[in-house]
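Trainee:
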Amino acid sequence: MVHEWDPRTASSAEISSLLDCLNEVFRTDLPGDPLWRPNHLREYLTETMSGVRRICWLAKETTDGGPAEVTGHVNVLLLGDIGVLEILVRPDARRSGLGRELLALAVRRAYHEGFSSVGVEVIGGTCAVEFYESLGFARQFREIRSVLRLASVDWTSIEKMAQDAAAGYEIEFHPGGPPADLVEAYARTKAEQNESEDGALDLRPSSYDPQRLQESLGCLHRRGMKPYIVLARHPASGEVAGLTEVVAPAQHPTRADQYDTIVAQAHQGQGIDRAIKARMLLELRTAEPELAEVQTWNAEGDEGLIHINSEIGYQSDRDWWDYGADIPTLMQRLGVRN
Ligand SMILES: CC(C)(COP(=O)(O)OP(=O)(O)OC[C@H]1O[C@@H](n2cnc3c(N)ncnc32)[C@H](O)[C@@H]1OP(=O)(O)O)[C@@H](O)C(=O)NCCC(=O)NCCS
156 MVHEWDPRTA SSAEISSLLD CLNEVFRTDL PGDPLWRPNH LREYLTETMS GVRRICWLAK
216 ETTDGGPAEV TGHVNVLLLG DIGVLEILVR PDARRSGLGR ELLALAVRRA YHEGFSSVGV
276 EVIGGTCAVE FYESLGFARQ FREIRSVLRL ASVDWTSIEK MAQDAAAGYE IEFHPGGPPA
336 DLVEAYARTK AEQNESEDGA LDLRPSSYDP QRLQESLGCL HRRGMKPYIV LARHPASGEV
396 AGLTEVVAPA QHPTRADQYD TIVAQAHQGQ GIDRAIKARM LLELRTAEPE LAEVQTWNAE
456 GDEGLIHINS EIGYQSDRDW WDYGADIPTL MQRLGVRN
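Note that my numbering has the sequence shown beginning at 156, numbered continuously upward.
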């Protein structure tokens, strides 16, 4: 039984059964990853940036007269001009057409909402690769995930690295987000990076102007994801010369996500990238006592950051692909009627 589902009004039993399904998927597909906890799962599914909507469906099954259990889930995030998909099918319910059925529902809805393409993050080495490729999705962008185990970090060298930025910069730690007086300068530094990026599908809400930045921080907090920022202030120019962002999610507090690390062009070559990343790790040790690992994603060719990450001790683990498909073609392939 598959039905459209609103996590805002869902019962706790449904949320809990979805969590069980998600963790079964993790056990099978990403056995080294931490399992998710129930903390803020409902908010994780319901909170979005303004102008963005997430529509969800749930597949449930009853065995031996027991309570219905979640066997699959799909959600589509209607974001800008693309529908971003997430599909999960419990391992014991796979290869019976459920993934296809869930995809068809989400794609049909995206079509009716006026969207012409869908995108999805696909994790290398999982059966999602065969699934999406069999349905005509095309690979558009590759990133490599790396994981840092804090227990293996050489803290003496990290302490040294944190002191290594050139003179003239002040390295600051800001749990929660940048301070009010730096929000504009911070957003400018992020915007500069955005202009120079190409290739990646825009699968996440962006935050390159001050108002969007504030809103995206608010959204992260509501979803139970605590942002931490280290930035390099350049008092001489008033600029934010560099920044690095880590998010510690309530859903898996032992593993944090390292997001952007950016050094503005005018400030490159001053040791800022190493210093801010090192300072972040030192701060996280006390700010997040449960934290055991940090994961990050780098695009191919991002040699500078890949080099620093490996110096710190990150180890690459999997490919992470953006796939995309054109909705009318996909509907035809899935046999979905308008
Ligand atoms: C990808 C996924 C949604 C597919 O669900 P499913 O219900 O098994 O998919 P379907 O039964 O509808 O399969 C449709 C087609 O996809 C292809 N396919 C799916 N799984 C495949 C596999 N393991 N190997 C080869 N082809 C596969 C086949 O062509 C299949 O058609 P067929 O069974 O008639 O040959 C499911 O495997 C899943 O949830 N994976 C999660 C992967 C993931 O992202 N994990 C990490 C995040 S936590």
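From the three backbone atoms N, C-alpha and C, an ideal C-beta is built for every residue, glycine too. These numbers come from a predicted model, not from an experiment.
1. Under the rule that 16 or more other beta-carbon atoms within 10 Å means buried, what is ARG208, buried or exposed?
2. GLU276 lies in the beta strand (DSSP E); which residues open and close that run?
3. By Cβ distance below 8 Å, which residues in the same chain neighbour VAL453 in space, the five residues on each side in sequence not counted?
4. In angstroms, rounded to a whole number, what distance separates the CA positions of PRO382 and VAL275?
5. At a cut-off of 6 Å, would you count ARG182 as near ligand 1, judging by its Cβ distance to the nearest heavy atom?
6. Distance, Cα to Cα, GLY323 vs GLN423?
7. Quick check on this structure: which residue in VAL418, VAL449, GLU327, ALA335 has the alpha carbon closest to the alpha carbon of LYS345?
8. Bridge partners for ARG304 per DSSP, in chain order?
9. May I ask whether a heavy atom of ligand 1 can be found less than 6 Å away from the beta carbon of SER289?
10. For PRO186 and GLY280, what's the separation of their Cα atoms in angstroms?
11. Counting along the chain, where does the beta strand (DSSP E) carrying GLY238 start and finish?
12. How do the segment 324 to 331 and the segment 430 to 443 stand: do at least 3 beta-carbon pairs fall below 8 Å, yes or no?
13. Identify the residues that DSSP records as bridge partners of ASP477: which are they?
14. GLU159 bridges to which residues according to DSSP?
15. My understanding is that PHE296 touches TRP476, with C-beta atoms under 8 Å, so please give their C-beta distance in whole angstroms.
16. Please give the ranges of any alpha helix (DSSP H) in the segment 159 to 201, keeping only runs that are unbroken, at least 4 residues long and fully inside the region.
17. Between the Cα of TYR363 and those of ALA335, GLY227, GLN348, spot the shortest distance and give me the residue it belongs to.
18. Would you say THR281 touches ligand 1, meaning its beta carbon is less than 6 Å from a heavy atom?
19. Less than 7 Å between the beta carbons of ARG378 and GLU202, yes or no?
20. Runs of 4 residues minimum, wholly inside the segment 355 to 442: which ones carry the alpha helix (DSSP H) assignment?
21. Please confirm if the segment 220 to 236 is in contact with the segment 399 to 410, defined as three or more CB-CB distances below 8 Å between the two stretches.
Mentor: In short, the structure shows the following:
1. Position 53 of the sequence shown, counted from the start, is the residue given in the question as residue 208. ARG208 comes out exposed.
2. For the purposes of this step, residue 276 is identified with residue 121 of the sequence shown, where counting begins at 1. Looking at the DSSP string, the run of the beta strand (DSSP E) that includes GLU276 is 272 to 278.
3. Translated into positions along the sequence shown, residue 453 becomes position 298. Position check: residue 453 holds Asn in this sequence, whereas Val was assumed. So the list reads GLU298, ILE299, SER301, LEU460, ILE461, ASN464, once near-sequence residues are dropped.
4. Translated into the one-based positions of the sequence shown, residue 382 becomes position 227. Translated into the one-based positions of the sequence shown, residue 275 becomes position 120. The straight-line gap from Cα to Cα measures roughly 24 Å.
5. For this step, residue 182 is matched to residue 27 along the sequence shown. No, since every heavy atom of ligand 1 falls outside the 6 Å radius drawn around the Cβ of ARG182.
6. Here the question's residue 323 lines up with position 168 in the sequence shown. Here the question's residue 423 lines up with position 268 in the sequence shown. So the alpha carbons of these two residues sit roughly 13 Å apart.
7. Working through the sequence shown from its first residue, we reach residue 345 at position 190. Considering only alpha carbons, the answer is VAL418.
8. Within the sequence shown, numbered from 1, the residue matching residue 304 stands at position 149. Answer is GLU448.
9. In the sequence shown, residue 289 corresponds to position 134, counting from 1. It does: the Cβ of SER289 is within 6 Å (strictly closer) of some heavy atom of ligand 1.
10. Stepping through the sequence shown from its first residue, residue 186 is reached at position 31. Stepping through the sequence shown from its first residue, residue 280 is reached at position 125. Each residue's Cα considered, the two are about 12 Å apart.
11. The residue given as residue 238 occupies position 83 in the sequence shown. Per DSSP, GLY238 belongs to the beta strand (DSSP E) from 237 to 244.
12. Cβ pair count under 8 Å is three or more, so yes.
13. Your numbering for residue 477 matches position 322 in the sequence shown. In DSSP, ASP477 forms a bridge with GLU276, PHE296.
14. The count along the sequence shown starts at 1 and reaches residue 159 at position 4. Answer is TRP212.
15. Indexing the sequence shown from 1 puts residue 296 at position 141. Indexing the sequence shown from 1 puts residue 476 at position 321. About 7 Å separates the two Cβ atoms, so the contact holds.
16. Within the segment 159 to 201, the alpha helix (DSSP H) runs of at least 4 residues that lie entirely inside it are, in chain order, 167 to 184, 196 to 201.
17. Along the sequence shown, one-based indexing puts residue 363 at 208. Closest by alpha carbon: GLN348.
18. Working through the sequence shown from its first residue, we reach residue 281 at position 126. True, at least one ligand heavy atom lies under 6 Å from that Cβ.
19. For the purposes of this step, residue 378 is identified with residue 223 of the sequence shown, where counting begins at 1. For the purposes of this step, residue 202 is identified with residue 47 of the sequence shown, where counting begins at 1. Cβ distance < 7 Å, so ARG378 and GLU202 count as in contact.
20. Counting whole runs of 4 or more residues, the segment 355 to 442 contains the alpha helix (DSSP H) stretches 365 to 377, 427 to 442.
21. With contact defined as three or more Cβ pairs closer than 8 Å, the segment 220 to 236 and the segment 399 to 410 are not in contact.
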